[in-house]
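Here is the structure we will look at, set down as structure tokens.
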Amino acid sequence: MPQVQKDDVRETILDSAREEFLEHGFEGSSMRRIAQKSRMTVGNLYRYFRNKEELSSIIVSPTLKIFDDTVKELSGGLISFGSENEQIDMPLPLIRERLSTMSDRLVDIYDAHRIEVSILMMGTELNKKITDWFAGLIAALIAGNFGMLDRRDERLAILSQCYAHSIFSGIKTILRESKSSKEDMRFMVKIYLNSFLSMLDNDISSLM
192 MPQVQKDDVR ETILDSAREE FLEHGFEGSS MRRIAQKSRM TVGNLYRYFR
242 NKEELSSIIV SPTLKIFDDT VKELSGGLIS FGSENEQIDM PLPLIRERLS
292 TMSDRLVDIY DAHRIEVSIL MMGTELNKKI TDWFAGLIAA LIAGNFGMLD
342 RRDERLAILS QCYAHSIFSG IKTILRESKS SKEDMRFMVK IYLNSFLSML
392 DNDISSLM
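Just add 191 to wherever you are in the sequence shown, counting from 1, and you've got our numbering.
Here it is in structure tokens:
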């Protein structure tokens, strides 16, 4: 007879997982401790969730959807998480304008969902997928704006991965380390993303 899952038990596990991830990080967290926090056996925990990756994905999915909906809105449906583009012909001034709005929204999302965003920024498989997707987005923007490198060029793929990791690292630092007000965080994120666009423009233009 199949195991019947109870909604209240499931929510207790998710709450315990949030606490565990915040205390120990994703890599250092333990299914055994999550079971202990949930006052159940490890065997019973595995009847609800397969592993830490599934737990983290379920915890952050609603917040990731909010972020994805925001990206779709600001790009006019052109960009969404998981989508792939050969090139994105959006001029840099328009990208700069949309990034300014995105900076405000990003800080608002973080302010409303701090725990979930903190877990989303941890070294999970989902985080790697998001970083890879973002690198692909940067490659499509470079291909669309500069036309110097083909979207499938290995050099562009490597450069885009470097840019993606650098951008995420900076945003993580601003959101996680800053004790400032929302207005100050918005200002710092805007400055950081604008500096990336300027650097990208200078880097690529100098090679053309």
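Don't be surprised by glycine CBs; every beta carbon is placed ideally from N, CA and C. Please read all numbers here as calculations on a predicted model, not as lab measurements.
Can you tell me the Cα-Cα spacing of residue i and residue j, whole angstroms?
i, j, result
"L265", "K370", "28 angstroms"
"G267", "M281", "11 angstroms"
"R223", "I310", "19 angstroms"
"I358", "Y237", "36 angstroms"
"K319", "T261", "20 angstroms"
"R346", "D198", "49 angstroms"
Looking at residue j and residue i, is the spacing between their C-beta atoms short of 7 angstroms?
i, j, result
"T203", "S229", "yes"
"I225", "S207", "yes"
"V380", "S294", "yes"
"Q352", "A326", "yes"
"R287", "L388", "yes"
"A348", "T322", "no"
"S145", "D259", "Nothing about residue 145 can be read from this structure; the chain reaches only from 192 to 399."
"K373", "V298", "yes"
"Q278", "Y239", "no"
"K243", "S220", "yes"
"F217", "T364", "no"
"L213", "Y301", "no"
"I306", "R209", "yes"
My output table needs one value for residue i: the three-state DSSP class, helix, strand or coil.
i, result
"S247", "helix"
"F258", "helix"
"I270", "coil"
"M390", "helix"
"G314", "coil"
"N276", "coil"
"R287", "helix"
"F212", "helix"
"M192", "Any reading at M192 needs caution, since the residue's pLDDT is 35, under 50, leaving its predicted position unreliable; the model's value is listed next. In the structure shown, M192 sits in coil (DSSP, three-state: anything other than H, G, I, E or B)."
"R230", "coil"
"D344", "coil"
Classify residue i as buried or exposed, calling it buried when 16 or more other Cβ atoms lie within 10 Å of its own Cβ.
i, result
"N336", "buried"
"L384", "buried"
"V233", "exposed"
"N393", "exposed"
"I362", "buried"
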